[in-house]
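Notes for the one structure printed next.
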Amino acid sequence: MPLSPEPAEKSAVLSPLPQASGTRDTAPEDALRQAPGRPVLMLRPAPVKVRAITCHAIAYTVTHVLVERDDDAGYQASWEASWLVRRL
């Protein structure tokens, strides 16, 4: 008969990915400092799609891609899991 897990082990705590918003000059630098992995490799801005949003990929790590977008909410740079990012 399997043992039931301890109550403390039932809930998993997931930390949100770093996201920087602000000006086009400071947001990418802030996001690069908060990279979820090392090393960070820089890219020429390449058009990508994250979920249903069109963005530009500007850097990546082994597991995440730094994307930037400029929409009605303003300029944003955020780390997205690489499996969510598709090249256009």
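Start counting the sequence shown at 715; every next residue gets the next number (my numbering).
Don't be surprised by glycine CBs; every beta carbon is placed ideally from N, CA and C.
So, under 8 Å CB-CB, residue i and residue j are touching, yes? Tell me the CB distance rounded to an integer number of Å.
i, j, result
"L746", "A771", "That belief does not hold up - the Cβ atoms of L746 and A771 are roughly 13 Å apart, past 8 Å."
"P742", "E794", "Wrong, their Cβ atoms sit about 14 Å apart, outside the cutoff."
"R800", "V762", "6 Å"
Where does residue i land, buried or exposed, given buried means 16+ other C-beta within 10 angstroms?
i, result
"L661", "In the structure as shown, the chain begins at 715 and stops at 802. Residue 661 is therefore absent and cannot be evaluated."
"I767", "exposed"
Cα separation between residue i and residue j?
i, j, result
"P753", "H778", "11 Å"
"R765", "M756", "22 Å"
"D784", "G751", "24 Å"
"L798", "A749", "17 Å"
"A760", "Y789", "16 Å"
"S796", "D744", "19 Å"
Mind checking whether residue i and residue j have CB atoms under 9 Å apart?
i, j, result
"L780", "A791", "yes"
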